[in-house]
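Note sheet for the following structure.
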Amino acid sequence: MNLPINKSQRRFQSYAWFVVGYSILVILWGAWVRITGSGAGCGNHWPRCNGVIIPKDPTVETMIELSHRLTSSFAGVLVIILVVWAFRAFDKGHNVRRYAVLSLIFILIEGAIGALLVRLELVADNASMWRAAAIALHQANTFILLAVMALTAYWANAREKITLRGGRTLLIIGGIGLLLVAATGAVTALGDTLFPAESILEGIRQDFTPGMNFLVRLRIIHPIIAIVAGMILLVISELTVSETDVAHVRKTARTVTIIVITQWIVGIINVILLAPGWLQLIHLLIADLLLIFFVILAAKIELTQTA
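Once you know that position 157 of the sequence shown is 157 in this note's numbering, the rest is easy, because the numbers rise by one and skip nothing.
Next up, the structure:
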């Protein structure tokens with residue numbers, strides 16, 4: 001059964017999930033900045049845009065980049081409120097406090113990485129190894145940020161505990177797998193944006209053509225890691241379902257299974273359609289949802305092992 005939760009904590013949980021939802025929108029808009037090549041819309045200026053606070057006669061690219069900065073900044077404000085509320089509504093040592101603070105730390109890191117991308121001009125048409133490394137780090141940090149935000153909301157009303165034999169090891173491997181999928185996915189999406197193919201055959205030919213940019217040659221890595229990581233998550237989900245009769249835990253596990261299979265299908269369609277921008281956003285959205293449900297499932301399993 002649910003642990004006791006008062007009205008303030010219930011309101012906090014609703015707010016925390018709102019922050020998670022808003023953050024997903026910010027993440028998707030950030031991907032749109034990359035897809036549209038608008039990362040240099042404010043030049044290499046940060047926090048100002050093209051050297052001013054409010055640019056006059058901005059281009060479309062400037063508007064896209066500036067709006068992303070504004071929505072990201074507002075996300076930071078929401079997280080600060082989250083931390084203050086967490087410390088007011090929950091007792092010392094409560095997991096909500098811990099994950100709220102982690103949310104603030106990782107959103108600050110997120111902003112710092114974003115600023116470096118702009119100041120070092122690792123945006124727009126830049127196809128360097130430095131940009132690939134930075135964008136992979138950026139995406140991995142984004143996933144960690146989203147995970148701790150989701151855990152902040154979840155721990156506000158943690159539910160019945162369950163046991164999963166060998167669960168800790170599998171969960172660690174699954175979590176690392178998701179981070180690798182996120183990082184390689186960001187690099188792959190960058191390659192698709194900067195070096196688009198006109199057909200599937202041309203894309204395959206590019207992947208194995210000597211002299212092609214490394215971003216193109218790395219595209220094959222992401223689907224391989226995605227398949228392996230997805231299979232690990234399916235194993236975790238099926239083990240969970242088979243070893244517990246707690247309804248809400250089984251439901252979360254089944255949801256993870258459904259999202260993994262859906263993501264594989266969308267990934268295949270993404271390749272067939274040559275990664276159109278709108279489908280990249282759907283692919284990223286599903287990845288975000290998979291991460292959220294996985295960390296919630298992990299929390300429900302981890303509860304017993306730390307009790």
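C-beta atoms are modelled at their ideal positions from N, C-alpha and C, and glycine is treated no differently.
Cβ separation of residue i and residue j, assumed to be a contact under 8 Å, to the nearest whole Å
{"i": "G76", "j": "G111", "result": "7 Å"}
{"i": "V228", "j": "T240", "result": "About 19 Å; that fails the 8 Å criterion."}
{"i": "I64", "j": "V33", "result": "6 Å"}
{"i": "A31", "j": "Q280", "result": "7 Å"}
{"i": "R187", "j": "L145", "result": "Here residue 187 is Val; the residue named in the question, Arg, does not match the sequence. Rounded, the Cβ-Cβ distance is 19 Å, inconsistent with contact."}
{"i": "I24", "j": "L285", "result": "7 Å"}
{"i": "V260", "j": "L218", "result": "Actually they are not in contact, since the Cβ atoms of V260 and L218 sit about 23 Å apart, beyond 8 Å."}
Reference residue i; option with closest CA among the options
{"i": "G39", "options": "D125, L234, L171", "result": "D125"}
{"i": "I292", "options": "K251, G41, V148, I105", "result": "V148"}
{"i": "I27", "options": "N141, R168, T257", "result": "N141"}
{"i": "I272", "options": "L170, L78, Y22, I200", "result": "I200"}
{"i": "I224", "options": "S242, I268, R98", "result": "I268"}
{"i": "C49", "options": "I35, G37, H68", "result": "H68"}
{"i": "V20", "options": "A100, E202, G230", "result": "A100"}
Cα-Cα separation, residue i to residue j
{"i": "G43", "j": "L274", "result": "29 Å"}
{"i": "I172", "j": "S128", "result": "31 Å"}
{"i": "L82", "j": "L66", "result": "24 Å"}
{"i": "I232", "j": "E238", "result": "10 Å"}
{"i": "W29", "j": "L120", "result": "21 Å"}
{"i": "A253", "j": "R131", "result": "36 Å"}
{"i": "A197", "j": "P55", "result": "35 Å"}
{"i": "G174", "j": "I135", "result": "21 Å"}
{"i": "Y15", "j": "A150", "result": "11 Å"}
{"i": "F208", "j": "I301", "result": "43 Å"}
{"i": "H45", "j": "L70", "result": "14 Å"}
{"i": "N2", "j": "K92", "result": "Note that N2 has pLDDT 47, beneath the 50 cutoff, so the model's placement of it is unreliable and the number below is only indicative. Taking the straight line joining both Cα atoms gives about 20 Å."}
{"i": "A307", "j": "L164", "result": "Unreliable positioning characterises A307 in this predicted model, as indicated by a pLDDT of 33, which lies under 50. The coordinate reading is nonetheless provided below. For A307 and L164, the distance between alpha carbons rounds to 13 Å."}
{"i": "F87", "j": "G211", "result": "55 Å"}
{"i": "S242", "j": "A298", "result": "16 Å"}
{"i": "T304", "j": "Y22", "result": "For T304, the predicted model reports a pLDDT of 43, less than 50, meaning its position is unreliable and no value from the coordinates is stated."}
{"i": "I35", "j": "G277", "result": "6 Å"}
Sub-9 Å separation of residue i and residue j beta-carbons
{"i": "T152", "j": "S73", "result": "no"}
{"i": "V266", "j": "I236", "result": "no"}
{"i": "L117", "j": "H138", "result": "yes"}
{"i": "F18", "j": "L78", "result": "yes"}
{"i": "V181", "j": "A226", "result": "yes"}
{"i": "T244", "j": "I221", "result": "no"}
{"i": "R97", "j": "F106", "result": "no"}
Near the ligand FMN: residue i beta-carbon under 8 Å from a heavy atom
{"i": "L171", "result": "Annotation note on the ligand FMN: not contained in the displayed structure, which lists no ligands."}
* Report yes or no: do three or more beta-carbon pairs, one from the stretch 9–27 and one from the stretch 148–159, lie closer than 8 Å? => yes
* Asked: Touching or not, the stretch 57–74 and the stretch 187–195, by the rule of three or more beta carbon pairs under 8 Å?
  -> no
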